[in-house]
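Quick notes on the structure that follows.
Numbering (the numbering used here), first residue to last: 114 to 493.
Spelled out as structure tokens, the structure:
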């Protein structure tokens, strides 16, 4: 059993960290204030292979593993979790199309997605269907030319910003087997967007409702089989949960690094505050918990790469453990900085705000516990 990264994996992690430090970190606060991410930086990330990480190479993908992807998102998130997470969602969409779409659709859209000339959003959640995603009400009705979609999607990263939207809609009866996945293009008749959401964190990401009012969708824009959309969506979320966990890990590591510098430099009662046992023990616990979370995340990614029978449960465990740990570490880092931690100039308060949502999206951590418990009960 070898826990070390290979030379190639270490180079991938270093590349992502360096790109983030040079191209993202200096601008993160300005992008947060503007509420958007410049497309140019996304295309630069794509030029390094970070837009179609585990998509096959024949359509421009990087052909890397899920473990490699966690390294990329951990590295990028040290600069800004919101930007890294936005890239992770696009990657999840690219994988779904690569894995399930018809060859013609796959060949048509993925090369441009791999270059981030076309950005894709994932549309599952609705105002009345969050954790109970299979209860979604967006309808897909057959027409002579394909389908007509009507409904509303909520909390969509890239809503009104992206070029493509993977929309899960009900083409059949109730329950998960009545749901299909469709690719909708920006500018389609009947497609509109709500106002940008005013969020606690992830403020650099444009987020809005996606509204579909009789949107026509050609027959060849059905992704995969009719009635299989919910299965595709859940398969996409296995990797999505790993990526979101990796983003939380990278952000928390950045917060810990800031806290460590402060603990060395900040003087109180004639010595650095890191020499006081209360601070020293807290730092020790933060480091231990992050290291444990990192090992578990990489094990879960390895299981997904190996298509292990328990991969879904491990992805859920990793998402729950890593995001809870990361938020706690970031919050502890803010506490160590005291009043300075509450100021935007020091960087920790943004990380705390950004990481809070990682415990909610891609399935709440309560739903992760449900997935884990069901897997456990199924083993008995």
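Note that the Cβ used here is the ideal one computed from N, Cα and C, for glycine as well.
Residue i and residue j closer than 9 Å at C-beta
{"i": "residue 278", "j": "residue 319", "result": "no"}
{"i": "residue 186", "j": "residue 197", "result": "yes"}
{"i": "residue 182", "j": "residue 317", "result": "no"}
{"i": "residue 403", "j": "residue 438", "result": "yes"}
{"i": "residue 285", "j": "residue 340", "result": "yes"}
{"i": "residue 243", "j": "residue 267", "result": "yes"}
{"i": "residue 122", "j": "residue 180", "result": "yes"}
{"i": "residue 387", "j": "residue 443", "result": "no"}
{"i": "residue 305", "j": "residue 326", "result": "yes"}
{"i": "residue 431", "j": "residue 419", "result": "no"}
{"i": "residue 162", "j": "residue 178", "result": "no"}
{"i": "residue 129", "j": "residue 184", "result": "yes"}
{"i": "residue 417", "j": "residue 351", "result": "yes"}
Enclosing alpha helix (DSSP H) for residue i [first to last residue]
{"i": "residue 409", "result": "390-418"}
{"i": "residue 226", "result": "216-227"}
{"i": "residue 283", "result": "First-last for residue 283: 277-283, but that is the beta strand (DSSP E), not the alpha helix (DSSP H)."}
{"i": "residue 294", "result": "Where residue 294 is concerned, there is no enclosing alpha helix (DSSP H), although the beta strand (DSSP E) it sits in stretches over 292-298."}
{"i": "residue 440", "result": "424-450"}
{"i": "residue 155", "result": "152-160"}
{"i": "residue 184", "result": "179-190"}
{"i": "residue 244", "result": "Segment: none, residue 244 is in no alpha helix (DSSP H) and carries neither H nor E."}
Burial state of residue i, where buried means 16 or more other Cβ atoms lie within 10 Å
{"i": "residue 390", "result": "exposed"}
{"i": "residue 366", "result": "buried"}
{"i": "residue 462", "result": "buried"}
{"i": "residue 356", "result": "buried"}
{"i": "residue 167", "result": "buried"}
{"i": "residue 394", "result": "exposed"}
{"i": "residue 493", "result": "Note that residue 493 scores 47 on pLDDT, short of 50, meaning its location in the model is unreliable; the coordinates nonetheless yield the value given after this. With fewer than 16 other Cβ atoms within 10 Å, it is exposed."}
{"i": "residue 456", "result": "exposed"}
{"i": "residue 308", "result": "exposed"}
{"i": "residue 489", "result": "exposed"}
{"i": "residue 119", "result": "exposed"}
{"i": "residue 211", "result": "buried"}
{"i": "residue 205", "result": "buried"}
{"i": "residue 283", "result": "buried"}
{"i": "residue 408", "result": "exposed"}
{"i": "residue 425", "result": "buried"}
{"i": "residue 452", "result": "exposed"}
{"i": "residue 383", "result": "exposed"}
{"i": "residue 396", "result": "buried"}
{"i": "residue 254", "result": "exposed"}
{"i": "residue 361", "result": "buried"}
Nearest to residue i (by Cα), restricted to the options the options
{"i": "residue 433", "options": "364, 414, 472", "result": "472"}
{"i": "residue 237", "options": "435, 344, 430, 384", "result": "344"}
{"i": "residue 459", "options": "203, 407, 368", "result": "368"}
{"i": "residue 228", "options": "160, 242, 478, 262", "result": "160"}
{"i": "residue 131", "options": "145, 158, 144, 283", "result": "158"}
{"i": "residue 201", "options": "444, 372, 235", "result": "235"}
{"i": "residue 116", "options": "324, 445, 415, 145", "result": "415"}
{"i": "residue 485", "options": "429, 341, 146, 374", "result": "429"}
{"i": "residue 354", "options": "470, 148, 154, 146", "result": "470"}
{"i": "residue 261", "options": "408, 203, 239, 302", "result": "302"}
{"i": "residue 314", "options": "417, 363, 467, 155", "result": "467"}
{"i": "residue 133", "options": "149, 347, 188", "result": "188"}
{"i": "residue 152", "options": "310, 271, 306, 305", "result": "271"}
{"i": "residue 164", "options": "232, 347, 149", "result": "232"}
{"i": "residue 208", "options": "173, 230, 239, 184", "result": "173"}
{"i": "residue 399", "options": "410, 452, 440", "result": "440"}
{"i": "residue 265", "options": "322, 351, 342", "result": "322"}
{"i": "residue 293", "options": "226, 327, 249", "result": "249"}
{"i": "residue 475", "options": "176, 326, 359, 230", "result": "359"}
{"i": "residue 171", "options": "218, 224, 454, 129", "result": "224"}
{"i": "residue 256", "options": "148, 330, 383, 407", "result": "330"}
{"i": "residue 199", "options": "169, 184, 155, 384", "result": "155"}
{"i": "residue 347", "options": "125, 480, 127", "result": "480"}
{"i": "residue 349", "options": "406, 310, 239, 203", "result": "203"}
{"i": "residue 281", "options": "310, 338, 258", "result": "338"}
{"i": "residue 370", "options": "126, 454, 263, 491", "result": "454"}
{"i": "residue 287", "options": "465, 246, 216, 445", "result": "246"}
Start-to-end residues for the beta strand (DSSP E) that takes in residue i
{"i": "residue 268", "result": "259-270"}
{"i": "residue 320", "result": "320-331"}
{"i": "residue 345", "result": "Looking at the DSSP string, residue 345 is not in any beta strand (DSSP E); the run it does join, the alpha helix (DSSP H), is 342-378."}
{"i": "residue 236", "result": "233-236"}
{"i": "residue 255", "result": "252-255"}
{"i": "residue 494", "result": "There is simply no residue 494 to check, as the chain begins at 114 and stops at 493 in what is shown."}
{"i": "residue 304", "result": "304-306"}
Short CB-CB distance (under 9 Å) between residue i and chain C
{"i": "residue 128", "result": "Chain labels in this structure do not include chain C; a single protein chain is all it has."}
field: Touching by the beta-carbon criterion (3+ pairs, under 8 Å), the region 137-149 and the region 187-195
entry: yes
- prompt: Using 8 Å as the threshold, is the region 326-343 in touch with the region 288-300, meaning 3 or more CB pairs across them?
  reply: yes
message: I want to know whether the region 475-489 touches the region 374-388 - three or more CB-CB distances under 8 Å.
response: no
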